[in-house]
Structure formats: structure tokens, C-alpha cells
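Trainee: The structure's right below; bear with me while I get my questions together.
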Amino acid sequence: LTCALALLSYIWLSQNNLVSNFKVGDLVDPSTRATTYEALEDLGRMFEEQAYIIGFNLLIVFVRATVLVAALQSNLGLMLKVVQLSFKNLLTFLGMFSLILASFTVMAYYLFGARFQGMSEPGW
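Numbering (this note's numbering), first residue to last: 415 to 538.
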């Protein structure tokens with residue numbers, strides 16, 4: 415289903431009028447610049463959505479391939495079971511690591527942010 419969605423979105427984007435009939439002169443001409451720029455922004459958003467669909471498809475393919483290979487190869491199945499058993503500890507480690515990293519970031523912002531223009535805003 416998701417593969418069909420990606421294929422249909424690709425066909426729909428390739429049939430888009432702006433893709434097939436784009437002229438740089440439309441951006442140079444002041445009378446058509448605004449509408450052409452808005453159409454290009456819409457086209458960019460559509461390509462971004464298509465990239466999300468393709469990324470999701472690749473994630474599904476990767477997970478499915480890992481499950482199939484784990485069924486064939488006993489060592490990989492053993493490694494996946496070890497990861498499954500240590501998942502709670504791994505999540506705890508990642509949570510603590512993220513907390514420490516965030517605290518260093520906030521500390522650097524409060525220590526150096528007032529003096530250095532590049533760090534005067536948090537940026538998130």
C-alpha cells in the first residue's frame with residue numbers, strides 16, 4: 415500500500431504543470447514572479463511529503479529484511495534477542511545521555527550567550 419502511494423505521488427508530481435512547463439523567465443518577469451514562486455513553494459512541499467513517504471517505505475523494507483535475515487541466520491537472531499533483553503537499559507542510557515547533553519547545551523547558552531552574538535539566541 416505504501417509503495418503504491420509513493421508510486422502514485424511520483425506520477426502525480428511528474429504530471430504537475432509546473433514541472434513540465436517551468437521557465438526561468440517566469441521568475442524574472444515581475445508580473446508572474448509571485449505566482450510562480452508560490453507554485454514552486456507548493457511543489458517543494460509536495461516533494462517533501464513524497465520524501466517522507468519514501469523514507470517510511472525504506473524503514474518498512476529495512477525492518478522486514480532484518481526480520482527475514484534473523485530467521486535465516488541464527489547468530490543475528492541471537493543478537494536481536496540480546497538487544498531485546500537489554501532494551502530497557504538502552505533506553506535508560508539514551509535518556510540519561512540526552513539529559514546530560516541538554517544540560518550542557520543550556521549551561522553553554524547561559525554562560526556564553528550574553529557575550530557571543532552567535533549564541534545569543536537558543537536557536538530551537
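Idealized CB from N, CA, C, for every residue including glycine.
Just so we're clear, the structure is a prediction, and the values are computed from it rather than from any experiment.
Starting from SER389, trace the alpha helix (DSSP H) in both directions and tell me its first and last residue.
Mentor: No information on residue 389 is available, as it lies outside the stretch 415 to 538 that the chain covers here.
Trainee: For ALA485, does the count of other Cβ atoms within 10 angstroms reach 16, so buried, or fall short, so exposed?
Mentor: When all chains shown are included, ALA485 counts as exposed.
Trainee: What separation, rounded to the nearest whole angstrom, lies between the Cα atoms of GLY491 and VAL481?
Mentor: Cα to Cα, GLY491 sits roughly 8 Å from VAL481.
Trainee: Should ALA541 go down as buried or exposed, given a rule of 16 or more other Cβ atoms within 10 Å for buried?
Mentor: Nothing can be reported for residue 541: it is not among the residues displayed for the chain, which extend from 415 to 538.
Trainee: Quick one: grab the DSSP three-state call for LYS437.
Mentor: Three-state result, LYS437: coil.
Trainee: Would you identify the three-state DSSP class for GLN498, choosing helix, strand or coil?
Mentor: Helix.
Trainee: Can the beta-carbon of SER423 be found closer than 8 Å to that of ILE467?
Mentor: Yes, Cβ-Cβ distance for SER423 and ILE467 is below 8 Å.
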